[in-house]
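K.L.:
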Amino acid sequence: MSMSFDRHRRLRNSAGMRNLVRETQLQASDFIYPLFIVEGEGKKQEIPSMPGVYHYSLDQLQEEIEEVVSLGIQSVIVFGVPDHKDEIGTQAYHECGIVQQGIRKIKEWAPGLVVIADTCLCQYTDHGHCGVIKDGVVDNDPSLELLVKTAISQAQAGADIIAPSNMMDGFVAAIRAGLDESGFAHIPIMSYAVKYASSFYGPFRDAAHSTPQFGDRKTYQMDPANMREALREAASDVNEGADFLMVKPAMAYMDIIRLVRDQFDLPVVAYNVSGEYSMIKAAAANGWLDEKSVALELLVGFKRAGADLILTYFAKDAVRWLNEK
Ligand code: PBG
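Residue numbering for the sequence shown follows the working numbering, starting at 1337 and increasing by one per position.
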């Protein structure tokens, strides 16, 4: 019988063979691990909608940081959950704000760990929007001034990277200018360049107490139906001086990760958001999915789609799973 066809299975014959031809590898340095820091003392409280993720007060945080470092994870992103909120998010840019204190501590405990500060106002404003409100709408340009103050105070506290997530127009230009004028020309900006108005942020908003008190974020975050708009958003941020481009969320936006990877030369970060984490946790808790293999499949998918870095609540578990292999 002489038939001609391709024998693809030759390269899948054994685990060793599969290891040889694997195109995409995950490693500890791919991951950025998110931390939620709260005020007060003695607090290590699990976030109900995000099993395995905790609110830490500063006195409880050191052990967590040491664990992250010992796993070989290179970077964390810090989110502050302040006790006091007001109309203009004062605690976001206060010298002794919870994030500023947290950054100082983390840099003291782990000087080599790359600390990223999320630069936004929604956890700090009583209305829960990412900017200041005028006549019921989020007012772009006055919000920029507060974001610049926030970024500078985070850099002063020792942040290695500023990550603005607020989706105001011009935020990269404003923050770049502000950092440069304040002696922080060497601090990179990781822009949440392409951030969709997603329902997958639900558990994060429980964790960060940042649900908008009226309306939604659709006038500043992007419509999930749009792809060309992602290119316009990313192009603006590149022109304004961004050093990293983030795509958020990740799972429903793999095409956008690939598009941004192909069109721009900057490192691309995929944000594997809270809802994407929680739904796997919930399915696993019910015995419907195998958490480890499903999570690793998704993470390698983000990398294959073009992400250089993955911001994920799975970071610590993923490194442990990879080490088991
Ligand atoms: C702040 C911010 C949000 C997330 C990260 N930074 C929430 C939002 O835009 O409402 C969501 C992250 C997640 O869901 O894991 N603007």
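Glycine included, every Cβ here is placed at the ideal spot set by N, Cα and C. Remember, it's a predicted structure, so these values are computed and weren't measured experimentally.
1) Report the CB separation of M1386 from P1548 in whole angstroms; it is logged as a contact under 8 Å.
2) Kindly list the residues whose CB is nearer than 7 Å to the CB of D1366, restricted to its own chain and excluding five residues on each side of it in sequence; keep chain order.
3) Name all residues in chain order for which at least one heavy atom of the ligand PBG lies closer than 5 Å to the residue's CB.
4) Verify whether the separation of the beta carbon atoms of A1533 and Q1557 is less than 7 Å.
5) For the region 1357-1418, which segments carrying the beta strand (DSSP E) assignment without a break, of at least 3 residues, lie completely within its bounds, in sequence order?
6) When the distance is taken between beta carbons, is V1474 closer than 7 Å to G1467?
7) Go ahead and label A1621 buried or exposed: buried means 16 or more other beta carbons lie within 10 angstroms of its beta carbon, across all protein chains shown.
8) If I measure Cβ to Cβ from W1657 and keep anything under 8 Å in the same chain, skipping five residues before and after, which residues do I get?
9) Our contact map puts Y1649 next to Y1613 with C-beta atoms below 8 Å; I'd like the distance itself, whole angstroms only.
10) Report the three-state DSSP secondary structure of M1615 (helix, strand or coil).
11) Is DSSP giving L1347 helix, strand or coil here?
12) Since P1524 contacts D1579 with CB under 8 Å, what's their CB separation in whole angstroms?
13) Across which residues does DSSP place A1606 in a beta bridge pair?
14) In chain order, what are the residue ranges of uninterrupted beta strand (DSSP E) at least 3 long that sit wholly in the region 1459-1532?
15) Distance check for S1518 and Y1537, CA to CA, integer angstroms please.
P.N.:
Considering the structure as presented:
1) Actually they are not in contact, since the Cβ atoms of M1386 and P1548 sit about 19 Å apart, beyond 8 Å.
2) Correct list, in chain order: K1639, L1645 and I1646.
3) Here the residues come out as C1456, C1458, S1501, Y1537, F1540, V1609 and S1610.
4) Cβ atoms of A1533 and Q1557: closer than 7 Å.
5) Within the region 1357-1418, the beta strand (DSSP E) runs of at least 3 residues that lie entirely inside it are, in chain order, 1367-1374, 1380-1383, 1386-1393 and 1411-1417.
6) Yes, the Cβ-Cβ distance between G1467 and V1474 is below 7 Å.
7) Burial check for A1621: the Cβ neighbour count within 10 Å stays below 16, so the residue is exposed.
8) Here the set comprises K1628, A1631 and L1632.
9) The beta-carbon separation of Y1649 and Y1613, rounded to 4 Å, stays under the 8 Å limit for a contact.
10) Helix, per DSSP.
11) DSSP, reduced to helix, strand and coil, places L1347 within a helical segment of the structure shown.
12) Between P1524 and D1579 a beta carbon distance of about 4 Å is seen, short of the 8 Å cut, so the two are scored as contacting.
13) Per the DSSP secondary-structure output, A1606 pairs in a beta bridge with V1583 and I1646.
14) Entirely contained in the region 1459-1532, the beta strand (DSSP E) runs reaching 3 residues are, in chain order, 1468-1470, 1473-1475, 1497-1500 and 1526-1531.
15) Roughly 33 Å separates the two Cα atoms.
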